[in-house]
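Quick note, the sequences are listed as chains H and X, same order. The first sequence stops at residue 361 when you use our numbering, and every number in between is there. The second sequence stops at residue 79 when you use our numbering, and every number in between is there. Using N, Cα and C, we set each Cβ at its ideal position, and we do this for glycine too.
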Amino acid sequence: MDFKKERLTIALAGILTGCVAVVLVMSGNPANMGFCLACFIRDTAGGLGLHRAEPVQYIRPEVAGLVLGAFLLSFARKEFRVKGGSAPFTRFILGFFVMIGCLMFLGCPFRMVLRLAGGDLNALFGLAGFAAGIGCGVFFLQKGFSLGRNYAQPAAEGVLFPASQVVLLILLIAAPAFIFFSAADAGPGGKHAPVLLSLGAGLLVGALAQFTRMCMVGAFRDLILFKEPKLMIGFAGIFAAALIGNLITGRFHPGFAEQAVAHTDGLWNFLGMLLAGFGCVLLGGCPLRQMVLAGEGNTDSAVTYLGLLTGAAFCHNFGLASSAAGPTGNGKAAVLIGICVICVIAALNTFRKGGTRS
Amino acid sequence: MIDARGLSCPEPVILLRKEMKEHPSERYEIMVDNRVSVENISRLASKERLTPTVTEDAGTYTVVLS
């Protein structure tokens with residue numbers, strides 16, 4: 004294996020991904036939200052009417068693109084393998100709380116990088132929390148944390164998830180009356196790039212992420228665990244390209260106050276991303292990576308998506324999600340509960356009788 | 014022989030590292046079932062100055078480090 008070439012490839016993929024994110028914002032996506040899996044899954048939950056928060060309702064074609072891009076490339080590279088059965092319900096719960104953490108901060112780890120590249124310094128608290136959460140997860144990994152093995156599943160099981168994303172695309176384009184769309188001036192859900200551009204961007208980034216194994220959580224995890232910088236190079240590539248793109252297009256606004264789709268409560272930005280980072284290490288990857296794995300036939304990651312989707316619906320049905328005005332009391336309680344639940348899940352799957360589950 | 018089939022990264026690499034620490038040897042064998050793990054194991058091998066030899070049989074990769 005040529006490790007130099009591997010690092011160059013992921014650097015280029017990161018740069019390209021950062022550029023795609025800037026283009027999506029230029030074409031209509033909300034600021035610093037070229038890509039955000041948490042926001043996009045939340046908007047999709049809204050589009051399907053799973054929550055009724057009018058500002059965030061739109062079936063985001065980027066998510067379907069990511070899954071299908073990973074699906075098609077993994078198929079072409081003979082890496083499409085249908086497997087599942089590694090603690091699916093635990094993964095559902097982890098996904099649920101990862102979303103609660105992300106919507107406390109207002110972004111997934113991917114958007115955290117894009118917020119930093121847009122000059123949103125609140126994301127520094129998120130970054131610190133994210134690193135701390137990954138540190139917590141790595142502690143348990145080193146002590147033997149495992150969600151157990153997965154097993155081969157019938158091919159149909161693995162094709163269902165990409166197929167469900169095609170159905171969402173059809174619903175978006177056909178726009179039947181029961182699908183919700185935020186009004187153009189209503190909030191983040193009303194701001195979006197044209198469907199075909201969003202879909203194409205998703206396909207490209209999904210393929211790049213499948214090829215390079217790009218993952219925001221893996222970037223920190225591998226650096227802490229193995230001093231392995233490969234994934235961090237991808238992370239840095241996204242940041243550098245988005246930063247330069249924002250500077251060129253006049254979208255770099257350094258500061259804390261009045262950042263787009265963000266709040267200034269440092270403590271809760273920190274704790275939200277701590278919850279997200281911790282949960283994602285236990286899941287084995289960030290929401291972006293989960294979508295790519297689901298596209299590659301991993302049905303446990305497809306279940307994780309359902310956890311994220313359900314978490315997003317709960318966030319807006321029960322007033323857990325933050326807004327530009329700041330976090331909510333319910334959201335704070337949910338994040339603290341989430342951190343406790345994830346600690347218990349981590350402990351139960353680390354310190355069990357008989358060692359590693361087989 | 015470490016059986017890491019069905020485990021996702023970083024678990025196979027953690028198991029291999031543990032084996033290297035607890036039972037130092039000139040040769041290690043690990044079975045995995047995905048190419049990501051093969052890549053990650055090969056990266057660890059190169060850091061430990063070992064050469065990985067990979068054989069595949071029906072979706073199971075056996076990596077010998079020596």
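Asked                                                                                                             : Found
Short CB-CB distance (under 8 Å) between residue 77 (chain X) and chain H                                         : no
Cβ of residue 25 (chain X) within 8 Å of any chain H Cβ                                                           : no
DSSP-derived helix/strand/coil call for residue 88 (chain H)                                                      : coil
Contact test: residue 322 (chain H) Cβ vs the ligand COA heavy atom, cutoff 7 Å                                   : In the structure on display, the ligand COA does not appear, and there are no ligands present to speak of.
For residue 155 (chain H): DSSP bridge partner residues                                                           : H:86
Residue 270 (chain H) versus residue 73 (chain H): straight-line alpha-carbon distance, rounded                   : 36 Å
9 Å Cβ cut-off: residues of chain H touching residue 57 (chain X)                                                 : 229 and 231
Distance between residue 264 (chain H) and residue 209 (chain H) (C-alpha atoms, nearest Å)                       : 24 Å
Supposed contact pair residue 104 (chain H) and residue 275 (chain H) - C-beta distance, whole angstroms, cut 8 Å : 5 Å
Rounded C-alpha distance that separates residue 219 (chain H) from residue 152 (chain H)                          : 23 Å
Alpha carbon of residue 313 (chain H) to alpha carbon of residue 344 (chain H), nearest angstrom                  : 17 Å
Span separating the alpha-carbon of residue 80 (chain H) from that of residue 71 (chain H)                        : 14 Å
Range of the contiguous beta strand (DSSP E) that encloses residue 67 (chain X)                                   : 65 to 70
Element boundaries [alpha helix (DSSP H), containing residue 13 (chain H)]                                        : 6 to 29
Any chain H beta carbon closer than 8 Å to residue 63 (chain X)                                                   : no
Beta carbon of residue 26 (chain H) nearer than 8 Å to that of residue 207 (chain H)                              : no
Chain X contact for residue 6 (chain H) (CB, 8 Å cutoff)                                                          : yes
Short CB-CB distance (under 8 Å) between residue 29 (chain X) and chain H                                         : no
Rounded C-alpha distance that separates residue 330 (chain H) from residue 322 (chain H)                          : 9 Å
Collapsed DSSP secondary structure at residue 93 (chain H) in the structure displayed                             : helix
Nearest neighbour of residue 52 (chain H), chosen from H:352, H:315, H:251 and H:89 [CA to CA]                    : H:315
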